[in-house]
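Below: one structure, written as structure tokens.
2 protein chains.
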Amino acid sequence: MATALDFTQMLRAAALRVTRPRVAVLGAVLAHPHADTDSIIGAVRRDLPEVSHQAVYDVLRALTAAGLVRRIQPPGSVARYESRIGDNHHHVVCRSCGLIADVDCAAGEAPCLTASDDHGFSIDEAEVVYRGLCPDCSTTRSS
Amino acid sequence: MATALDFTQMLRAAALRVTRPRVAVLGAVLAHPHADTDSIIGAVRRDLPEVSHQAVYDVLRALTAAGLVRRIQPPGSVARYESRIGDNHHHVVCRSCGLIADVDCAAGEAPCLTASDDHGFSIDEAEVVYRGLCPDCSTTRSS
DNA sequence: GCCGCTCTCTTGACTGATTCCAGAAAGCGG
DNA sequence: CCGCTTTCTGGAATCAGTCAAGAGAGCGGC
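Quick mapping for you: the protein sequence lines, in order, are chains F and X.
Every number in my numbering is 12 more than the matching position in the first sequence, counting from 1.
Every number in my numbering is 12 more than the matching position in the second sequence, counting from 1.
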């Protein structure tokens, strides 16, 4: 498991100031993939009870801008953050319970990045959201 | 161009009551693809100045449930509605100006529906959002 | 064509996530 | 250790979307 020291180095590497709230938020995101902002605030406050939600929002934005975390916004849900970055993976969202799981890109690389007709757009990223039922909900529903 | 009569028939076919607000909303969505809720309210009020935003939200939900329109929620934007349904197409969103364009699925059918590892999920839909710069913003930025 | 049932629309208040602001506090380089 | 600059705190504001109650309107049967 990553330690506060690792987080410190990650922050420094991104040219960000190292503060207690930042280390805590970074640790929370690493520890809870796909956590929504509220959960992150809760996790952070277990270490630092006095952090304001404001600080968390601000830190998350800074981390996102620095590329240390990625922000995902599944339809019908609030913003979530994850720490797997740079590997072009996508997400499955359960229609019933909202569970999110990581999925590697269909062909192992980035086939979805190429649209058949790009309308003159210069596309630099593609995000894929699969919708369906997670194993649990699927079982419950069919039984 | 579709007429109020066509909308009436579409509503009846979907077993929905035909009301003035519904015809107007359906027409607005057909006329303005990718419009956000506010724009739709505005468009509807050009015909029926007295409709409440509530009615529009309600109608949009009814139309979505009936499968007459599709709701899309690009990250960083409010909900939008479109009338192209059932053809598995996706969207390009301009990072700079927010413009949205339709894109047919990369391989002409539905390759993106198959995830390499579905974690036991039963996937029934995939939504792809391409991110990039539209021609206008691309030109402006590079010049 | 009229009646009544039921669904839909209007009005207005409310929620919950996110953002804006100003001042206090804390990290970093020298 | 100092001072500058960024960051954090606390509180208020915004904005999309939702909830609720009562008035109004479509549809099916007569």
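Glycine is no exception: its CB is placed at the ideal position from the N, C-alpha and C atoms.
query                                                                                                                : result
Residue-level contact to chain X via CB, aspartate 70 (chain F), 9 angstroms cutoff                                  : no
Closest Cα partner of tyrosine 93 (chain F) within the set F:Leu75, F:Leu60, F:Asp59, F:Pro87                        : F:Leu75
CB contact below 9 angstroms: aspartate 48 (chain X) versus chain F                                                  : no
Start-end ranges of the beta strand (DSSP E) lying completely within the region 60-89 of chain X, minimum 3 residues : 82-84
Valine 30 (chain X), DSSP secondary structure in three states                                                        : coil
Beta carbon proximity, proline 87 (chain F) to chain X, threshold 9 angstroms                                        : yes
Between the CA atoms of threonine 15 (chain X) and leucine 111 (chain F) - distance to the nearest angstrom          : 42 angstroms
Isoleucine 52 (chain X) at chain F interface by Cβ criterion, 9 angstroms                                            : no
DSSP bridge partner residues for arginine 143 (chain F) (one or two, in chain order)                                 : F:Val105, X:Glu137
Interfacial residues, the region 136-155 of chain X to chain F, with Cβ spacing under 8 angstroms                    : Asp136, Glu137, Ala138, Glu139, Val140, Val141, Tyr142, Arg143, Gly144, Leu145, Cys146, Pro147, Ser150
Reduced DSSP category for arginine 96 (chain X) - H, G, I as helix; E, B as strand; rest coil                        : coil
Cross-chain neighbours of glycine 110 (chain X) in chain F, by beta carbon under 8 angstroms                         : In chain order: nothing, as chain F lies at least about 13 angstroms away.
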